[in-house]
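Protein chains in written order, with my numbering: chain A, 4 to 350; chain B, 4 to 350.
Even glycine gets a Cβ: it sits at the ideal position worked out from N, Cα and C.
As the structure is a computational prediction, the values presented were derived from the model and not from experiment.
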DNA sequence: CTGAAAGCGCTTACAG
DNA sequence: CTGAAAGCGCTTACAG
């Protein structure tokens, strides 16, 4: 039929986007029917009609607008992922794992860099809340007024890696950081690395805190309490470790081994050490945390604790898609210590 | 007035989100007026009314839904940024720069990892198109059917770092890659590094191609053409450089210097070199590209070309907010060679 | 199996 | 300066 062809061509050429009404008109059905086809409700549409509508959809290359649907349903197919530092490949790797998994269900991941800043986090939270995001995945959340506000209003949260701030009941996925800290103590002591120091992360991070406490308590229990002046604190960045290194590396009573709150801090410390002629691991043994994807390539000298970041995606997916957001369940993933044996060879 | 207080408390407690109609009712005005206040159209509302509405908005902690507005206006306050590899801190740094700038105008950046894959890029494009995204910023776009389709329909594109595929007319921001490649040749030759090799990136990347061509042409012009068997190709990753290194490092006629399409490739090559006892830069001089933020910390032995990634944000912002999307203008940023002088000291 | 109508929460001519 | 009404593009009771 030349008229129908014509109509279709006109529409596609007109530039203005094709709507469900156009499809309905050209297929000779109601919007309702088109909507049913769109949502694959086969039981509600005859086979013949279904196919006819499908064909028109294809001919027009019609793509339903997410905005209309989301507005009506009170929910979009957006999922937000907040993370404290996009420059840290460890966080990016978790984001990747989650993105791949959610894509399979037609969910779009919106990444949001909070830079560990409560104000930025709150601003982004407000914005995305107004998009009726299906779930907020908080990778390393910061305690903030906006976060507590949203939690009170039953916003769907999912905390990853770092526990929700005290008083917020929401599901958590991550490792047992206290146990991991303890494991490091048990790793070092038998190797005669008992004169240790520790660089903990900022206190806002429950993960860093637990790691530190597990390490400290276990070192003490094993008879080698950490000297107070061998305890430092740093941002979770390379620069943080490097700057702090200036105070550690030169010092008289420099410890024989140092446990850092994450791998990036270790990189910075290592750089300072090599600049000052301190050999790693011969003079200074460094332990990090996360098993950053870069370690394999750039830090064979580093012993680290592997957080199984590939596992986050599937679990997150099952929770969001299965919509079985548990009230405040905790899913504890396994961790283990990674050592690379060509330590001294490469660097 | 106790009734109003009561009404407000009821609303806030009800859980269901507050709408513009609620605000209008409680303020005793029409939705139109509330909308005007929301959009700061002071000229259209009396001072007294404006303040009254503002107060109700605050009391209710009312946040307009982006979906309603976007649907009506045919445009959301979302901006999409496509990037080929979230694990590359160079790309993340560009994303950061853009995000910070756009935030100032209430625009939300949606990050989208294409993994250099046309199908993933097209899928994401379709999804985000349906959110009426305000602009698609393509950092390292891949040529694909969906991209050409969208371009034909006048989708607002902005290409960054890597030129738009041939035939697509859209604005571009980036450096002059051909000139940069030439500069590297002019850097190496006076230093007696004339027996060179080159690792170019995948052919899909116009940036990599131009760098290679500029380097090749200039080496030839300076009387030191690159030997064909000293030309390789690699994905833009550490692993790519490391794997390729197996074929380069051991070889009899290994070149004295190698120019890599990006810094990550250099990292991989360097690792392979050190593992095989080849010293960098004494035995093998390595030049990379991008001046990856990690270089400062992890690769002081590397000479690289700095792409001024901090400058992308402000320019992108002025284009999107000023909505002066030029038809197909090119904004060429300056580049320069970076060398770190503690090369041999640290690593 | 099918459709007319209402409604999600905004903004925007239009009229006063 | 203010508001009633239409409309953005979908989905969903509801009725047949």
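What's the C-alpha gap between residue i and residue j?
| i | j | result |
| --- | --- | --- |
| residue 135 of chain B | residue 283 of chain A | 53 Å |
| residue 194 of chain B | residue 260 of chain B | 11 Å |
| residue 32 of chain A | residue 62 of chain B | 47 Å |
| residue 269 of chain A | residue 251 of chain B | 31 Å |
| residue 59 of chain A | residue 29 of chain A | 7 Å |
| residue 129 of chain A | residue 122 of chain B | 32 Å |
| residue 296 of chain B | residue 96 of chain B | 8 Å |
| residue 71 of chain A | residue 167 of chain A | 33 Å |
| residue 212 of chain A | residue 65 of chain B | 36 Å |
| residue 75 of chain B | residue 133 of chain A | 15 Å |
| residue 26 of chain B | residue 124 of chain A | 26 Å |
| residue 111 of chain B | residue 127 of chain A | 8 Å |
| residue 246 of chain A | residue 196 of chain B | 35 Å |
| residue 54 of chain A | residue 184 of chain B | 55 Å |
| residue 41 of chain A | residue 105 of chain A | 20 Å |
| residue 50 of chain B | residue 77 of chain B | 30 Å |
| residue 221 of chain B | residue 73 of chain B | 51 Å |
| residue 325 of chain A | residue 287 of chain B | 54 Å |
| residue 169 of chain B | residue 299 of chain B | 35 Å |
| residue 149 of chain B | residue 120 of chain B | 12 Å |
| residue 56 of chain B | residue 89 of chain B | 44 Å |
| residue 323 of chain A | residue 109 of chain A | 12 Å |
Would residue i and residue j qualify as a contact pair, given that the criterion is a beta-carbon distance under 8 Å?
| i | j | result |
| --- | --- | --- |
| residue 84 of chain B | residue 113 of chain B | yes |
| residue 186 of chain B | residue 289 of chain B | no |
| residue 36 of chain A | residue 21 of chain A | no |
| residue 171 of chain A | residue 151 of chain A | yes |
| residue 256 of chain A | residue 275 of chain A | no |
| residue 237 of chain B | residue 165 of chain B | no |
| residue 271 of chain A | residue 239 of chain A | no |
| residue 334 of chain A | residue 175 of chain A | yes |
| residue 178 of chain A | residue 310 of chain A | yes |
| residue 192 of chain A | residue 225 of chain A | yes |
| residue 159 of chain A | residue 189 of chain A | no |
| residue 312 of chain B | residue 147 of chain B | no |
| residue 154 of chain B | residue 173 of chain B | yes |
| residue 98 of chain A | residue 80 of chain A | no |
| residue 294 of chain B | residue 308 of chain B | yes |
| residue 217 of chain A | residue 264 of chain A | no |
Roughly how far, in whole angstroms, is the beta-carbon of residue i from the beta-carbon of residue j, given that I think they are within contact range, below 8 Å?
| i | j | result |
| --- | --- | --- |
| residue 201 of chain B | residue 262 of chain B | 5 Å |
| residue 91 of chain B | residue 267 of chain B | 6 Å |
| residue 67 of chain A | residue 118 of chain A | Between residue 118 of chain A and residue 67 of chain A the Cβ distance is about 35 Å, and since that is not below 8 Å, they are no contact. |
| residue 319 of chain B | residue 142 of chain B | Not really, about 10 Å apart at Cβ, beyond 8 Å. |
| residue 145 of chain A | residue 207 of chain A | 6 Å |
| residue 279 of chain A | residue 253 of chain A | 7 Å |
Exposed or buried, which one is residue i when buried takes at least 16 other CB atoms within 10 Å?
| i | result |
| --- | --- |
| residue 231 of chain B | exposed |
| residue 321 of chain A | exposed |
| residue 107 of chain A | exposed |
| residue 285 of chain B | exposed |
| residue 180 of chain B | buried |
| residue 43 of chain A | exposed |
| residue 214 of chain B | buried |
| residue 303 of chain A | buried |
| residue 131 of chain A | buried |
| residue 316 of chain A | buried |
| residue 39 of chain B | buried |
| residue 365 of chain A | Residue 365 of chain A lies beyond the range of chain A shown here (4 to 350); nothing can be said about it. |
| residue 243 of chain B | buried |
| residue 258 of chain B | buried |
Is residue i a contact residue of the ligand PLP, with contact defined as CB to any heavy atom under 7 Å?
| i | result |
| --- | --- |
| residue 301 of chain A | With respect to small molecules bound, the structure shown includes none, and the ligand PLP cannot be examined in it. |
Subject >> Complete alpha helix (DSSP H) runs within the segment 168 to 246 of chain A (minimum length 4 residues, chain order) >> reply: Within the segment 168 to 246 of chain A, the complete alpha helix (DSSP H) runs of at least 4 residues are 180 to 191, 209 to 224.
Original post:
Along the chain, which unbroken stretches of the alpha helix (DSSP H) at least 4 residues long are found entirely within the segment 25 to 49 of chain A?
Top reply: As for any alpha helix (DSSP H) of minimum length 4 sitting wholly inside the segment 25 to 49 of chain A, the runs are 34 to 41, ordered along the chain.
Subject >> alpha helix (DSSP H) runs wholly inside the segment 53 to 120 of chain B, at least 4 long, in chain order >> reply: Restricting attention to alpha helix (DSSP H) runs no shorter than 4 residues, the segment 53 to 120 of chain B encloses them at 69 to 76, 92 to 106, ordered along the chain.
**OP:** Any chance you could list the beta strand (DSSP E) runs of at least 3 consecutive residues sitting entirely within the segment 302 to 343 of chain A, in chain order?
**Re:** Listed in chain order, they are 307 to 309, 333 to 336, 339 to 341.
Original post:
Along the chain, which unbroken stretches of the beta strand (DSSP E) at least 3 residues long are found entirely within the segment 120 to 162 of chain B?
Top reply: Fully enclosed beta strand (DSSP E) runs of 3 or longer: 138 to 142.
**OP:** Return the chain-ordered ranges of every beta strand (DSSP E) run that is complete within the segment 249 to 292 of chain B and spans a minimum of 3 residues.
**Re:** Correct list: 260 to 263, 288 to 290.
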